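Contents: one structure, followed by commentary.
In the UniProt record's numbering, the protein residues as written are 1 to 119.
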């Protein structure tokens with residue numbers, strides 16, 4: 001593993017099976033405790049290599065959408081359960097729908113409420 005944040009990996013020739021010099025620049029690094037290795041899609045020429053040496057970290061963050069975008073908020077069990085019951089409501093009578101929602105709120109939700117389940 002290289003420590004410089006970018007790499008030009010070798011590729012295997014499909015006909016001979018030998019390793020040959022690659023031509024695409026990859027950025028690599030650890031973000032939030034997880035290792036990433038992503039292709040930039042850029043050809044490995046002198047200009048692109050000089051640019052990636054200065055901007056490898058920014059390119060990696062942009063490729064994995066971590067720069068400025070926070071993690072998605074998780075949906076609670078209550079919100080998820082109500083959405084599922086409402087999404088499947090078209091086949092039910094109005095009274096049956098109210099009964100299903102009440103059963104979910106009064107029996108299922110109290111049991112799992114303390115467990116902090118998110119989707």
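No residue lacks a Cβ here, since even glycine has one placed at the ideal position from N, Cα and C.
All of these numbers come straight from a predicted model, not from anything done at the bench.
Exercise. Rounded to the nearest angstrom, how far is the Cβ of residue 22 from that of residue 8, given a contact under 8 angstroms?
Worked result: 5 angstroms
Problem set entry | Assumed close pair residue 64, residue 25 - CB separation to whole angstroms, cut-off 8 angstroms | Actually they are not in contact, since the Cβ atoms of residue 64 and residue 25 sit about 16 angstroms apart, beyond 8 angstroms.
For this session: Kindly list the residues whose CB is nearer than 6 angstroms to the CB of residue 101, restricted to its own chain and excluding five residues on each side of it in sequence; keep chain order.
Result: 85
Exercise. Pick from 59, 98 and 106: whose alpha carbon is nearest that of residue 41?
Worked result: 59
For this session: Would you kindly report the start and end of the unbroken alpha helix (DSSP H) that includes residue 27?
Result: Looking at the DSSP string, residue 27 is not in any alpha helix (DSSP H); the run it does join, the beta strand (DSSP E), is 24 to 31.
Problem set entry | Separation of residue 112 from residue 103, as counted between CA atoms | 13 angstroms
Exercise. Could you give the C-beta distance for residue 57 and residue 29, rounded to a whole number, given that I count them as a contact under 8 angstroms?
Worked result: 6 angstroms
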